[in-house]
Amino acid sequence: MPADRFSRKVVVITGASSGIGEALALRLASEGAWLALAARRAERLDALAAVCKERGGRALPLPADVADEAACRDLVARTVSEYGRLDMLVNNAGITVASLFSELPDLTLFRRVIDVNFLGAVSCTYNALPHLKQVAGRLVNVASLGAVLPIPANTSYIASKHAMLGFSDSLRMELSGSGVSVTVICPYWVVTEFHENMMDGQGRPRGVAGRRIYTRRTMTADQCARILVEAARKRKRQVVMAPGRLAQLGRLVAPALIDRVIIKAFFRPAVRRAQAQKQ
148 MPADRFSRKV
158 VVITGASSGI
168 GEALALRLAS
178 EGAWLALAAR
188 RAERLDALAA
198 VCKERGGRAL
208 PLPADVADEA
218 ACRDLVARTV
228 SEYGRLDMLV
238 NNAGITVASL
248 FSELPDLTLF
258 RRVIDVNFLG
268 AVSCTYNALP
278 HLKQVAGRLV
288 NVASLGAVLP
298 IPANTSYIAS
308 KHAMLGFSDS
318 LRMELSGSGV
328 SVTVICPYWV
338 VTEFHENMMD
348 GQGRPRGVAG
358 RRIYTRRTMT
368 ADQCARILVE
378 AARKRKRQVV
388 MAPGRLAQLG
398 RLVAPALIDR
408 VIIKAFFRPA
418 VRRAQAQKQ
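Using our numbering, the first residue of the sequence shown is number 148, and each one after it goes up by one.
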């Protein structure tokens, strides 16, 4: 049994209604954590909260859109009001748009991705930080392999995750000596609804077409959550999940070669999809 369990630790999880967030909530509930579950889908949160309680944790469902700064402020305030403190914030909420940048009709969707993925995390962090400092708490930001390995036809998502990584690294230095740890998680492909909910340039969910990225190395949400929990427990700085580490190293050693591989794997198929949609 790990020495530093999350029993009675108060944890806010954004993007908790499915995927990594849901798996993380269930895993922490099994350790007896006190959870504040945030996402837009209230009915999903209610169902998840019930299961978390069955597994030994406490759970407070708090429907919220993290793109709304007031909602982030309320999320933290209601958590502290319910539990009396805040020990860990997990910024996990995210959306993505699969489209060539030049094919976007305007920047509405681009801004939405930045608002949810990056500025939502910033808003939650800003409001949570005073409480985390009181208890030498933990901040966990879920980035992506895309934070260290750019992929074309996902410019808004990649930009948001690069911003998340830079924000986390800079904030970690600011928090030196405060006792608050900052952990960045960069998952490889994870089997979740995230890819089915991936929007095209017109804002339409791609559905099953979003599953095309899955390979035999694709991990489950629970596998990702397990790695995240251990990284948070040990207060690690950054975790790039395999095989992302190899790709990250390859781009440092031979960037032009890795770019060509990525272009072949992602950019050319994206161009073909864009051309097909125009026909």
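Glycine residues also receive a C-beta, built at the ideal position from the N, C-alpha and C atoms.
Bear in mind that the values here come from a model prediction, so they are computed numbers and not experimental data.
Query                                                                                                                                                        : Result
Helix, strand or coil: which one does DSSP assign to P334?                                                                                                   : coil
Under the assumption that M311 contacts N288 (Cβ atoms under 8 angstroms), give the Cβ distance between them as a whole number of angstroms.                 : 5 angstroms
Going by DSSP in three states, P149 sits in which element: helix, strand or coil?                                                                            : Confidence is the limiting factor: at P149 the pLDDT is only 48, short of 50, which leaves the residue's position unreliable, though a coordinate-based value still follows. Coil.
Grab me the residues of D262's own chain with a C-beta within less than 7 angstroms of its C-beta, minus the 5 sequence neighbours each way, in chain order. : A214
Return the CA-CA distance between N301 and R202, expressed in angstroms with no decimal places.                                                              : 37 angstroms
Between A163, S315, G162, which has its C-alpha nearest S328's C-alpha?                                                                                      : S315
Between which two residues does the beta strand (DSSP E) carrying N427 extend?                                                                               : Because the chain here runs from 148 to 426, residue 427 falls outside it and cannot be looked at.
Would L175 pass as a contact of L182 if the rule is Cβ separation under 8 angstroms?                                                                         : yes
Is A163 near A172, with beta carbons less than 8 angstroms apart?                                                                                            : yes
Tell me which residue opens and which closes the alpha helix (DSSP H) that R205 is part of.                                                                  : From DSSP, R205 is part of no alpha helix (DSSP H) but of the beta strand (DSSP E) over 205-210.
Does the pairing of the segment 279-288 with the segment 328-337 give three or more beta-carbon distances under 8 angstroms?                                 : yes
Check for me: the beta strand (DSSP E) holding M235 runs from which residue to which?                                                                        : 235-238
Bridge partners for T367 per DSSP, in chain order?                                                                                                           : V338
Kindly confirm or deny that the segment 217-230 and the segment 186-199 touch, where touching means at least three C-beta pairs closer than 8 angstroms.     : no
So what's R358 in DSSP terms, helix, strand or just coil?                                                                                                    : Low per-residue confidence applies at R358: pLDDT is 48, beneath 50, and the placement is therefore not dependable enough to give any value.
Just to confirm the assignment, what range does the beta strand (DSSP E) spanning V159 have?                                                                 : 157-161
Put L182 into one of helix, strand or coil per three-state DSSP.                                                                                             : strand
DSSP three-state label for S328, please.                                                                                                                     : strand
When you compare each of N264, A412, V157, A401 to A275 by their alpha carbons, which one comes out closest?                                                 : V157
Quick one: Cα of V355 to Cα of I242, how far?                                                                                                                : With a pLDDT of only 48 at V355, under 50, the local geometry of the prediction cannot be trusted, and no value is derived from it.
Could you give the DSSP three-state label for S323: helix, strand or coil?                                                                                   : coil
Determine the DSSP secondary structure at S246, reduced to helix, strand or coil.                                                                            : strand
Rounded C-beta distance between S303 and V260? I'm assuming under 8 angstroms.                                                                               : 4 angstroms
Are the Cβ atoms of A368 and V338 separated by less than 8 angstroms?                                                                                        : yes
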